[in-house]
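Data first, discussion second: the structure below is written as structure tokens.
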Amino acid sequence: MTTPATAVDATRVSTYCYQCVAGPDLLTVRVEDGVALAVEPNFCATPIHPGAGRVCVKAYGLVQKTYNPHRILAPMKRTNRKKGRDQEPGFVPISWDEAFDTIAAKLNAIRATGVLDASGYPKVAASFGGGGTPQSYMGTFPAFLAAWGPVDMGFGSGQGVKCYHSEHLYGELWHRAFTVSPDTPSCRYVISLGSNTEASGGVVGVKRHADARVRGMRRVQIEPHLSVTGACSAEWVPIRPKTDAAFLYALIHVLLHEQPRERLDLAFLAQRTASPYLVGTNGYYLRDAATRKPLIWDRQRNAAVTYDTADAEPALEGSFAVTALEIGPDDVTLAEGELRGETSFSKLAAHMADYTPEWAAAICDVPASTIRRVAEEFLAQAAIGETVEIDAERLPFRPVAITLGKTVNNGWGGYECCWARTVAVALVGALEVPGGTLGTTVRLNRPMSDRIGSVKPGVDGFMDYPFNPTDSKHWSPRPNIRNAYRTLVPIAANGPWSQALGPTHLAWMFLDGTPEGLPEVTFPEIWFLYRTNPAISFWDTAALADKMARFPFIVAFAYTRDESNHMADILLPECTDLEGLQLIRIGGTKYVEQFWDQEGFALRQPVVEARGETRDFTDIATELARRTGLLEPYNAAINRGAAGISLKTERYDFSLATAIPHSRDEIWDAVCRAASAEVTDGTASDGLDWYKTQGFRTRPFGRINWYLYPALARQGLRFELPYQERLFRIGQQLGRRLHEHGMTWWDNQLAEYQALPAWKDFPGLWEKALVKMGGKPEDFPFWLVTARSMQYAWGGNAGIQLVQEVAANIAGHGGVIINAGAAARLGIADGDLLEIRTPQRATRGRAVLRHGIRPDTLLMVGQFEHWATPFARDLGVPSMNALVPLSLDLTDATGSGADLVRVGVMRVGRSP
Amino acid sequence: MTHWVMVADLRRCVGCQTCTAACKHANATPPGVQWRRVLDMESGDYPDVRRAFVPVGCMHCDEPPCMTVCPSTATRKREDGIVTIDYDLCIGCGYCIVACPYQARHRTDRASFAYGGRPSEPEAKRFDERRLGVATKCTFCVERVDDGIARGLTPGIDPDATPACVNSCIAGALHFGDIDDPHSNVSVLLAENRHFRMHEELGTGPRTYYLWD
Chain E
1 MTTPATAVDA
11 TRVSTYCYQC
21 VAGPDLLTVR
31 VEDGVALAVE
41 PNFCATPIHP
51 GAGRVCVKAY
61 GLVQKTYNPH
71 RILAPMKRTN
81 RKKGRDQEPG
91 FVPISWDEAF
101 DTIAAKLNAI
111 RATGVLDASG
121 YPKVAASFGG
131 GGTPQSYMGT
141 FPAFLAAWGP
151 VDMGFGSGQG
161 VKCYHSEHLY
171 GELWHRAFTV
181 SPDTPSCRYV
191 ISLGSNTEAS
201 GGVVGVKRHA
211 DARVRGMRRV
221 QIEPHLSVTG
231 ACSAEWVPIR
241 PKTDAAFLYA
251 LIHVLLHEQP
261 RERLDLAFLA
271 QRTASPYLVG
281 TNGYYLRDAA
291 TRKPLIWDRQ
301 RNAAVTYDTA
311 DAEPALEGSF
321 AVTALEIGPD
331 DVTLAEGELR
341 GETSFSKLAA
351 HMADYTPEWA
361 AAICDVPAST
371 IRRVAEEFLA
381 QAAIGETVEI
391 DAERLPFRPV
401 AITLGKTVNN
411 GWGGYECCWA
421 RTVAVALVGA
431 LEVPGGTLGT
441 TVRLNRPMSD
451 RIGSVKPGVD
461 GFMDYPFNPT
471 DSKHWSPRPN
481 IRNAYRTLVP
491 IAANGPWSQA
501 LGPTHLAWMF
511 LDGTPEGLPE
521 VTFPEIWFLY
531 RTNPAISFWD
541 TAALADKMAR
551 FPFIVAFAYT
561 RDESNHMADI
571 LLPECTDLEG
581 LQLIRIGGTK
591 YVEQFWDQEG
601 FALRQPVVEA
611 RGETRDFTDI
621 ATELARRTGL
631 LEPYNAAINR
641 GAAGISLKTE
651 RYDFSLATAI
661 PHSRDEIWDA
671 VCRAASAEVT
681 DGTASDGLDW
691 YKTQGFRTRP
701 FGRINWYLYP
711 ALARQGLRFE
721 LPYQERLFRI
731 GQQLGRRLHE
741 HGMTWWDNQL
751 AEYQALPAWK
761 DFPGLWEKAL
771 VKMGGKPEDF
781 PFWLVTARSM
791 QYAWGGNAGI
801 QLVQEVAANI
811 AGHGGVIINA
821 GAAARLGIAD
831 GDLLEIRTPQ
841 RATRGRAVLR
851 HGIRPDTLLM
861 VGQFEHWATP
871 FARDLGVPSM
881 NALVPLSLDL
891 TDATGSGADL
901 VRVGVMRVGR
911 SP
Chain U
1001 MTHWVMVADL
1011 RRCVGCQTCT
1021 AACKHANATP
1031 PGVQWRRVLD
1041 MESGDYPDVR
1051 RAFVPVGCMH
1061 CDEPPCMTVC
1071 PSTATRKRED
1081 GIVTIDYDLC
1091 IGCGYCIVAC
1101 PYQARHRTDR
1111 ASFAYGGRPS
1121 EPEAKRFDER
1131 RLGVATKCTF
1141 CVERVDDGIA
1151 RGLTPGIDPD
1161 ATPACVNSCI
1171 AGALHFGDID
1181 DPHSNVSVLL
1191 AENRHFRMHE
1201 ELGTGPRTYY
1211 LWD
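Chains as they are written, first to last, in the numbering used here: chain E, 1 to 912; chain U, 1001 to 1213.
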């Protein structure tokens, strides 16, 4: 007899799903006789959750995930000392004691000889999945890592390179925008260049945009293929891959050169941006000799004054003779005395003069009339002059936004796209105001849990930013980790997230040859892996797997066997999503479209008993700390906040005794009590039992905190736009430092540091890479791109049957999408087996014929081509990751690349 | 009278298949059987192409062709419009599967599970032998509706009385309610928006309405 999942005698257990960055979703699981039956929304969360308590499709895979017969349910060790894709690891079960003994012996041996190797790199490395989501599942493991000391977390699995990378870094610099979103609830017009919100925006993004569509918000989707987001947009504009910057430059051209100046938000530009700052002939701000502050031209006084002169009436345009200093790299005075300076805005206008829609049309393969119309619609919808009251404060209302997708905002051209997007919205005053273009969260600036609080005064009237130093005294040619982010990428900063936001493919590349000037890149002695599978998710996956096989000792927290833990020495089975326990922060503003009116905490709790011998991650971390003699610093790290909240403040003290090990529930009870105290301003101290029954606890989060504008205005700060004097200076200094140490291999990247970035032939870079690989462009006529799948993105769930079944309803999951007309010309029919190849690599998949894709473009959804993961390895789905090379030539100045490659296609089999 | 209908707002649907998955959870359908799913449809030629996502399932027709052809009277229609299948009467002839213009009916002859021949604990717990060799389809979560009404709840409003697909819909695209109540959620939606029904020309009187621009 079928048991309806709604049976009243079943129990609903609340928990959360944070499998992707668009989470967390709050959900309930129906449990009967200790067996999880069904996932359901958590309607108790409807009043506080912007997605009305509903839960993403990925979460419905969690029941199968729990009971998957392919799970690793006991610790295992490798018995075949040889490693490689062609080697059967020979994993055999062992006791937890033996597993801990083996790992602790390695760790203790390292501590006995020093935690850094001869090159100065950490002997211990750890890699986690993208977007920081594994942190919501790894309990107190961060406390163990903190107690350990230096750990190399820069061996990427895609993050830092295949993410929204330029947006992460430049976004945080310009408007505390690790990711960028429209203010969807009130936005009226969105230009989306490949931003795939309906696939990667999560429950909240989907809900907000559905509401907006019905309300009448118009979204123009500009991308090479008609994605699910394009399907839900008012208009699809098929653009040639990697030419998005040209589209945006032409849009700015229209705003600056084809519209009356008064139609722009001149007040915003004058007061809240650096548009009036005067720039000297060497490209640096002209500064007051006494204070060294940048100068502006005051129309009232008819004289130059410092930018912070309260009653000044800044000239937005013009060239002026002023008494000033021009200070260049390394604090050298380039000029002083009577100097001529042009406003940043005037320089911008001149810079954009030649980027007409007609110019862009030839590059983008988009009619000039379309570009011009979109620009004019954007301007018309900007509502310049309107205001709105938010939390009793009157703010500008500018309901237009520009969003950028993956591959648009990373790799070469990412800087130009992010800069042009941010400048375009600033021209109409739509940056960080209601209705406009907003940042969502911070990961490089502090504090990470308070985006508005991260707005602090820095140099020249801008927000502070934690650049890595490039001055000769502080810059170092000796990186702290192997991907050298601190040495090469000043804007990556040096916080907890910086390692994974550096050029994470360089760590892999340099294993086979360290470039001149860097200490020899070594293999880590121990590598921890959790919720990540770089042998599938990164590029040149065959070569990457070969490198992994040379790692001397790998500890993988393993759910099932997969392509990366195929190389592991020890597999540790941890409680999965419905078995483990952890409290996390929810609400406020977070990734993608997560804008809440509440903030607080939610609990993930054991919905069912842990299966087999799996253990909770917190208990694993505690035992590792105990066996390595690190209990004291481990507990101290938890007390400081490594589990998400400090256990001791002036208002409360739930800190743990540091000398003894604590059970999972003891630790999280203390965390829950601290969370209760924080949310209630100290009036409550409810612990774990309370959260187990209630699920979450929140307090109001003022909507004024969605917008950065008020914080800047309060502090008299300006957005660092449009002229990038600071980046230009940093680039010059970085070049000097590198050259002083014989490092010329980063010179192409140094060219990206332009104060006003020019268009470059970005598609041509990939064509050159093809030629370098030994191919002729005419033999490889297609651009291969990828797109996120809501069913799979970030989930590591390719081995879940339910997910595969429902995803198959969406075109492309089973193969490679090709334009129907292009396919007909090549004699390719739907379902034919294709080989897609570069001069070096090939992958195979079934043809999926569609009309919603450019004839010169192929699309592979998601990341597949598994060869070890049970179930997934039998799907026969291709992956572009097998084809994309790891390449310094295709690495931009932020250390990022892009999911893009030129390929040829050949039919190798008929449709079955 | 009460007549239950489904309303799918095509302006909202993003094809995420959350409803598909939620239905499979709620009704424990075997692999490959989807009582609710979302079609990914494309029309036009490059570059003038439109793509739309269309939730489909049993339309609980006014004049169900599946009922007309059923030789065993297993398929019936309740007074509230819900089309039911009595598994004890169904002989699995499959006429209804062929007759249904919405491809909403399924028949599985052998037990199948997510990972091969052996059921997981939840699958074992929820396995229903009576569903083998008979026609199955969307029930509008009739047990949930009936149970909810018995507890004084309102289908389409209270989650515990509402079909699982509607509860799960993250875009707010799916709605369920009583079309005979002019003030119900579905009646208001239909009054305020343009709508159509699928294959209405066939005279089946489908009780799923699609809102569109």
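Note that beta-carbon positions come from the ideal geometry of N, C-alpha and C, so glycine has one too.
| Check | Outcome |
| --- | --- |
| Closest by C-alpha distance to Leu73 (chain E), when choosing among E:Asp101, E:Lys406, E:Leu571 | E:Leu571 |
| Contact under 8 Å by Cβ, Ala493 (chain E) with Pro466 (chain E) | yes |
| Contact with chain E by His1025 (chain U), beta-carbon distance below 8 Å | yes |
| Listed by chain order, chain E residues near Asp1178 (chain U) by CB distance under 9 Å | Neighbours of Asp1178 (chain U) on chain E: none; closest Cβ ~20 Å, over 9 Å. |
| Proximity test, Cβ basis, 8 Å: Pro1182 (chain U) and chain E | no |
| Stretch pair the segment 522-535 of chain E + the segment 134-142 of chain E: three plus CB contacts closer than 8 Å | yes |
| Range of the contiguous beta strand (DSSP E) that encloses Gly669 (chain E) | Note on identity: in this sequence residue 669 (chain E) is Asp, with Gly being the wrong assignment. Counting along the chain, Asp669 (chain E) falls outside any beta strand (DSSP E), though it belongs to the alpha helix (DSSP H) covering 664-679. |
| Per-residue contacts from His851 (chain E) into chain U (C-beta, under 7 Å) | Glu1042, Gly1044, Asp1045, Tyr1046, Val1049 |
| With 16 other Cβ atoms within 10 Å as the buried cut-off, status of Thr683 (chain E) | exposed |
| Paired residues, beta bridge with Cys1141 (chain U) - DSSP | In the DSSP output, where bridge partners are listed per residue, Cys1141 (chain U) has none listed. |
| Closest by C-alpha distance to Val428 (chain E), when choosing among E:Ile481, E:Val254, E:Leu404, E:Gly600 | E:Val254 |
| Contacts that Asn1167 (chain U) makes with chain E (C-beta to C-beta distance below 9 Å) | Glu40, Pro41, Phe43, Arg54 |
| Cβ-heavy atom distance, Tyr691 (chain E) to the ligand SAM, below 7 Å | This structure simply doesn't include the ligand SAM, nor any ligand for that matter. |
| Burial state of Pro1055 (chain U) (16 or more Cβ within 10 Å) | buried |
| Distance CB(Arg591 (chain E))-CB(Gly131 (chain E)) smaller than 8 Å | Residue identity differs from the one stated: residue 591 (chain E) is Tyr in this sequence, not Arg. Against a cut-off of 8 Å, the Cβ pair of Gly131 (chain E) and Tyr591 (chain E) comes out as a contact. |
| Glu805 (chain E) versus E:Ala392, E:Val57, E:Phe728, residue with shortest Cα-Cα distance | E:Val57 |
| Residue nearest to Val884 (chain E) in terms of C-alpha spacing, selected from E:Ile836, E:Arg850, E:Trp867, E:Ser200 | E:Ile836 |
| Within-8 Å CB hit, Tyr16 (chain E) to chain U | no |
| Rounded separation between Pro503 (chain E) and Lys83 (chain E) - CA only | 26 Å |
| Beta-carbon proximity of Pro224 (chain E) to Thr857 (chain E), cut-off 8 Å | yes |
| For Leu27 (chain E), three-class secondary structure by DSSP | strand |
| Proximity test, Cβ basis, 8 Å: Ala1135 (chain U) and chain E | no |
| 6 Å CB neighbourhood of Glu336 (chain E) in its chain, flanking five on each side removed | Leu325 |
| 8 Å Cβ shell around Thr1162 (chain U) - same chain, five flanking residues per side excluded | Cys1141, Arg1144, Val1145, Gly1148, Pro1155, Gly1156, Phe1176 |
| C-beta neighbour in chain E for Pro1159 (chain U), strict 8 Å | yes |
| Cβ neighbours of Ala643 (chain E) in the same chain (closer than 6 Å, five flanking residues each side left out) | Thr140, Val671 |
| Spatially closest choice to Phe538 (chain E) from E:Val771, E:Arg626, E:Asp616, E:Glu865, by CA coordinates | E:Glu865 |
| CB contact check: Val1014 (chain U) to chain E, cutoff 8 Å | yes |
| Partners in chain U for Ser790 (chain E), counting only beta-carbon separations shorter than 9 Å | A small fix is needed here, since residue 790 (chain E) is Met in this sequence, not Ser. Simply Val1014, Gly1015, Cys1016, Gln1017, Thr1018. |
| Within chain U, partners of Cys232 (chain E) - CB distance below 7 Å | Val1014 |
| Residues near Asn1027 (chain U) in its chain [Cβ-Cβ closer than 7 Å; skip 5 each side] | Trp1035 |
| Own chain, CB closer than 6 Å to Thr3 (chain E), minus 5 neighbours either side, in chain order | Residue placement at Thr3 (chain E) is flagged as unreliable, the pLDDT there being 35, under the threshold of 50; the coordinate-derived value follows with that caveat. Nothing meets the Cβ criterion. |
| Bounding residues of the beta strand (DSSP E) (the contiguous stretch that carries Glu1042 (chain U)) | 1036-1045 |
| Distance between Arg263 (chain E) and Leu770 (chain E) (C-alpha atoms, nearest Å) | 45 Å |
| Alpha-carbon to alpha-carbon, Leu173 (chain E) and Gln715 (chain E) | 17 Å |
| Within chain E, the residues that Ile1170 (chain U) reaches when beta carbons sit closer than 7 Å | Gly51, Arg54, Cys56, Val203, Val206, Lys207 |
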